[in-house]
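Residue numbers (the working numbering), protein chains in the order written: chain H, 393 to 582; chain W, 69 to 357. The beta carbon of each residue, even a glycine, is placed where N, CA and C say it ideally should be.
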């Protein structure tokens, strides 16, 4: 299946190893029984069920996989991992797809992408996540004021209770900077 | 009983009351908490969705800090997401020394090293097994008689690591609720998923999941939780979900240590019930607050 490398379109991808290979390895023993789908609380909202997705992974259908919202809807409940009769690490496989998408495939699901990205930026900046800063930046980047507006009453309530604050902590230290930078360096090389 | 304590980011913000009640109940039960100095974020669900290595390095840093701080082995973690992230690194580095070396390579620059001596413990595990229902019962001054409480465990304190409870049919909260004098609400939704961050990224999906949980708990007076994410999802969107589903799904949602703290008659500021988003009059009046 060398079409796997060319399907993504970028010419620099052609020479790269199959990015789905680690995920294929995780689900290679899948018997298509559907226990994962039957256990998944989010299957009702997915375009492909988890069982279907594993087959697509094994067939190397990259374009379909990374334009679907199935893996972005995994909420890490681990029911599929717990119940898989083959003992496959299915939640980890979903996470691996999220990681590949985050690195190389602009996901059609910009809500999840922005959510995770903004969260980590706040963590990198302060060492701990500042929930107010994170959510404010997240909503701003979505450029969907109506969506953000739905959360405004909750934000006000949390501020009234003193649980979040508009003040951003200005600590001079960035305790996680070297970890973030080293991880980036390692992953660029790989 | 001495524990190192990893509160996690939420407990400094939206889950302030979980921090207050955890500290108060642990102190009342005679346990000492040593907060890990300069702890940092565990990566939540964001790191794992972005980079596997980062998702292991962020918790590893905190485990290394704990090892460096003192020789207390157990790390108490009230947030289920933090618990799983830290536990995952504990488990994975035990079975994979190559991974531990790789993580140590990342920590080296900060003068940290992970030997793998810590044991990550969820608050529920510690309350159920170290403190125990009997001890809690002996500390209860105002039993919550007549109150029916639904135990809600969520996912990540139960799965994938079945450390202290049955991941399919959890029961560990029941003796604790009974020790507080309340009646355990019989249901099978305790281990169901609340949708985690779906409420912020795919609200229609999150609302469907939370709506089903709230509807199933309709016969209870309150739901008790052990995770800031579950708590927020269950308590913060009740108006929207009720409107959308055309039925009243309002229900009191409290953290388990708040419930226990109330029964122990701990000072109200220590229980922090004024900080919750969904506590109804019935619940308050029964507590004579």
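> What's the C-alpha gap between residue 92 of chain W and residue 132 of chain W?
Replying inline: 27 Å
> So, is residue 214 of chain W buried or exposed, given that buried needs 16 or more other C-beta atoms within 10 angstroms?
Replying inline: It is exposed - the Cβ of residue 214 of chain W has fewer than 16 other Cβ atoms within 10 Å.
> Does any C-beta atom of chain W lie closer than 8 Å to the C-beta of residue 567 of chain H?
Replying inline: yes
> Pick from W:164, W:250, W:144, W:284: whose alpha carbon is nearest that of residue 204 of chain W?
Replying inline: W:250
>> Helix, strand or coil, according to DSSP, for residue 72 of chain W in the structure here?
In response: strand
> When the cut-off is 8 Å and only beta carbons count, does residue 263 of chain W lie next to chain H?
Replying inline: So yes, residue 263 of chain W belongs to the interface.
> First and last residue of the beta strand (DSSP E) that includes residue 102 of chain W?
Replying inline: Its beta strand (DSSP E) spans residues 100-103.
> So which residues on chain H does residue 81 of chain W lean against when the C-beta distance must stay under 7 Å?
Replying inline: 523, 555, 556
>> At the 8 Å Cβ level, is residue 469 of chain H part of the contact set with chain W, yes or no?
In response: Flagged as an interface residue toward chain W: residue 469 of chain H, by a C-beta distance shorter than 8 Å.
> Where does residue 423 of chain H land, buried or exposed, given buried means 16+ other C-beta within 10 angstroms?
Replying inline: exposed
> Taking 8 Å as the CB-CB cut-off, is residue 130 of chain W touching chain H?
Replying inline: no
>> Strictly below 9 Å CB to CB, what residues from chain W border residue 491 of chain H?
In response: In chain order: 116, 117, 118, 119, 120, 123.
> Residues in the segment 311-329 of chain W with C-beta within 8 Å of chain H's C-beta atoms, listed in sequence order?
Replying inline: none
> Which partner residues does residue 339 of chain W have in the DSSP bridge list?
Replying inline: Residue 339 of chain W pairs with nothing; no bridge assigned.
> Does the beta carbon of residue 273 of chain W come closer than 8 Å to any beta carbon on chain H?
Replying inline: yes
>> Checking 8 Å against the spacing of the C-beta atoms, do residue 476 of chain H and residue 427 of chain H come in under that value?
In response: Yes; because the gap between Cβ atoms is below 8 Å, this pair is in contact.
>> Please identify, using Cβ separations under 7 Å, the residues of the segment 194-223 of chain W that lie next to chain H, in order along the chain.
In response: 223
> Is it true that the CB of residue 283 of chain W sits closer than 8 Å to the CB of residue 467 of chain H?
Replying inline: For residue 467 of chain H and residue 283 of chain W, no; Cβs fall outside 8 Å.
> Looking at the structure shown, is residue 212 of chain W part of a helix, part of a strand, or coil, going by DSSP?
Replying inline: coil
> In this structure, does DSSP put residue 234 of chain W in helix, strand or coil?
Replying inline: coil
> DSSP state of residue 494 of chain H, grouped into three classes?
Replying inline: helix
>> Just verifying my parser: in three-state terms, what is the DSSP assignment at residue 145 of chain W?
In response: The three-state secondary structure of residue 145 of chain W, taken from DSSP, is strand.
>> Run through the DSSP bridge pairs and tell me what residue 290 of chain W is partnered with.
In response: W:217, W:320
> Cα separation between residue 311 of chain W and residue 272 of chain W?
Replying inline: 13 Å
> Using DSSP with H/G/I as helix, E/B as strand and the rest coil, what is residue 449 of chain H?
Replying inline: helix
> To the nearest angstrom, how far is it from the Cα of residue 414 of chain H to the Cα of residue 525 of chain H?
Replying inline: About 35 Å.
> How about residue 437 of chain H: is its C-beta nearer than 8 Å to some C-beta of chain W?
Replying inline: yes
>> Taking only three categories from DSSP, how would you classify residue 461 of chain H?
In response: coil
> Applying a beta-carbon distance threshold of less than 9 Å, which residues of chain H neighbour residue 225 of chain W?
Replying inline: Those do not exist, as residue 225 of chain W stays about 11 Å from chain H at its closest Cβ, beyond 9 Å.
>> Taking a contact to mean a Cβ-Cβ separation below 8 Å, would you say residue 148 of chain W touches residue 190 of chain W in this structure?
In response: Result yes, Cβ atoms of residue 148 of chain W and residue 190 of chain W sit closer than 8 Å.
> Got a sec, what are the start and stop residues for the alpha helix (DSSP H) residue 517 of chain H sits in?
Replying inline: 502-518
> Between residue 296 of chain W and residue 78 of chain W, which are expected to be in contact by the criterion C-beta below 8 Å, what is the C-beta distance as a whole number of angstroms?
Replying inline: 4 Å
>> Output needed in chain order: residues of the segment 160-172 of chain W with a Cβ under 7 Å from some Cβ in chain H.
In response: none
> According to a CB-to-CB cut-off of less than 9 Å, which residues of the segment 95-113 of chain W neighbour chain H?
Replying inline: 106, 107, 108, 109, 111, 112, 113
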